[in-house]
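Working notes for the structure below.
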Ligand code: FNR
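In the UniProt record's numbering, the protein residues as written are 12 to 394.
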């Protein structure tokens, strides 16, 4: 509890900044421009990425006084699982571009901090390798839904067999958006061989490949791109996922309240309100504003999770106050990975959790369930 006072007295400084909103600048100074651009970049003009932050700034917390707000308990239940805190690590692909240990380092840090990780289908390490690195940690699996039922079934079976409990189906990236930062950097060479460990290690997917493509990344890409990208699935196909997954399923990338309503009608267990960190539709609604509308529509009927723009404990608090069951941390932990491997991720997660814990205490909440809309000031008018 007193670590923040005592550390300074002992002249201990963290490996890099504890200000998660400043990590982007720290990473810009210290890592290569290509991986930096891959993480920091957004779609188009960056309008939605900026709107995500502006929406957080427009909401203000109203602390309450003379409440006995210690000790605090950050534990919460999400989709039937008890979590140490209402925080998860968002699925982020191709993490070996940031650090050689990539998702393995993230998996170790997740286990060490007691926070679930969501493994991306675009992982640079296999489902099985990451599960092993994550040990006794809680792990979820994010699906980029292939247009090949046997490949999909095989990938889901591997994830279930290795202890991933919850399926997160990302819907907003069936096609990459207009991302000038990637286009300008000629990123395919930099991602070469890094981001396709899951399909390339999949026996069913491999049976689809020509022998030669193993030596030729461009030819390989020409084979996996049409399976993983280029056209959207539709609402009537969701039953297939139910048939091949026996745990909770949540849909990620929901922004419209009526899509959240359809998710509930389709028997989904929850939604993740997200605009992919502003990396898909430039000009899309700020994720926090969408959260308000989605919670108003389905908050009483399903679990609503949130990401896009979380940079501090106060941000996590605001999303929880607006009805998110839990939040997913995105870019900040990947900057931590780039700056310090597993130790860097651990530092970022511990900082966020400590900040959230302090915010709760200073606002007067001892439990997550007490974080409600009454802890916020009415939002400032837009513009
Ligand atoms: C992502 N995101 C993402 N989402 C997903 O479902 N599968 C993926 O493979 C990826 N990959 C990915 C790479 C990078 C570099 C970034 C920054 C993001 C989106 C991610 O899960 C999350 O929605 C956003 O990161 C949230 O926005 P902030 O908080 O990072 O701004």
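For glycine and all other residues, C-beta sits at the position ideal for the given N, C-alpha and C.
A check of alpha carbon separations from residue 265 across 181, 188, 389 and 172 identifies 181 as the nearest. Sequence-distant partners of residue 160 (beyond 5 residues in either direction) whose C-beta falls short of 7 angstroms from its own C-beta, in its chain, are 251. Distances taken from the Cβ of residue 102 to the heavy atoms of ligand 1 include one shorter than 8 angstroms.
Pairing residue 313 with residue 282 gives a Cβ-Cβ distance under 9 angstroms. Excluding five sequence positions before and after residue 308, the CB atoms of its chain that fall closer than 8 angstroms to its own CB belong to 268, 269, 271 and 272, given in chain order.
Restricting attention to beta strand (DSSP E) runs no shorter than 3 residues, the stretch 75-129 encloses them at 87-89, 92-94 and 98-100, ordered along the chain. If you check the C-beta of residue 107 against ligand 1, you find no heavy atom less than 8 angstroms away.
Closest in alpha carbon position to residue 386, among 327, 108, 140 and 362, is 327. When the five nearest sequence neighbours on each side are left out, the beta carbons in the same chain lying within less than 7 angstroms of the beta carbon of residue 92 are those of 149 and 176, in order along the chain.
Distance between residue 174 and residue 188, taken at the CA atoms: about 32 angstroms. Counting C-beta pairs closer than 8 angstroms gives fewer than three between the stretch 369-382 and the stretch 107-115, which falls short of the contact rule. Measuring C-alpha to C-alpha distances from residue 317 to each of 299, 163, 207 and 221 identifies 299 as the nearest. Burial is judged here by how many other beta carbons sit within 10 angstroms of a residue's own beta carbon; residue 84 has fewer than 16 and is exposed.
Pairing residue 77 with residue 170, the inter-Cα distance amounts to about 48 angstroms.
Listed as beta-bridge partners of residue 281 by DSSP are 261 and 314.
A Cβ-Cβ contact shorter than 9 angstroms links residue 29 with residue 358. For residue 57, the closest C-alpha among the options 293, 377 and 382 is that of 293.
Secondary structure note for residue 73: it is in no alpha helix (DSSP H), with a DSSP letter that is neither H nor E.
Of the residues assessed, residue 128 falls on the buried side of the cut-off, its CB having 16 or more other CB atoms within 10 angstroms.
For residue 338, the enclosing beta strand (DSSP E) covers residues 337-340. By the criterion of a C-beta distance shorter than 7 angstroms, residue 126 is surrounded in its chain by 95, 96, 98, 99, 100 and 360, once the five residues flanking it on both sides are discounted. In this structure, residue 238 has its CB at a distance of at least 8 angstroms from all heavy atoms of ligand 1. Here residue 257 has 171 as same chain residues with Cβ atoms under 8 angstroms from its own Cβ, once five neighbours each way along the sequence are excluded. Residue pairing from DSSP places residue 151 in a beta bridge opposite 129. When 183, 260 and 302 are compared, the shortest CA-CA separation from residue 242 is found for 183.
Secondary structure note for residue 163: its alpha helix (DSSP H) is the uninterrupted segment 160-172. If you draw a straight line from the Cα of residue 324 to the Cα of residue 45, it is about 29 angstroms long.
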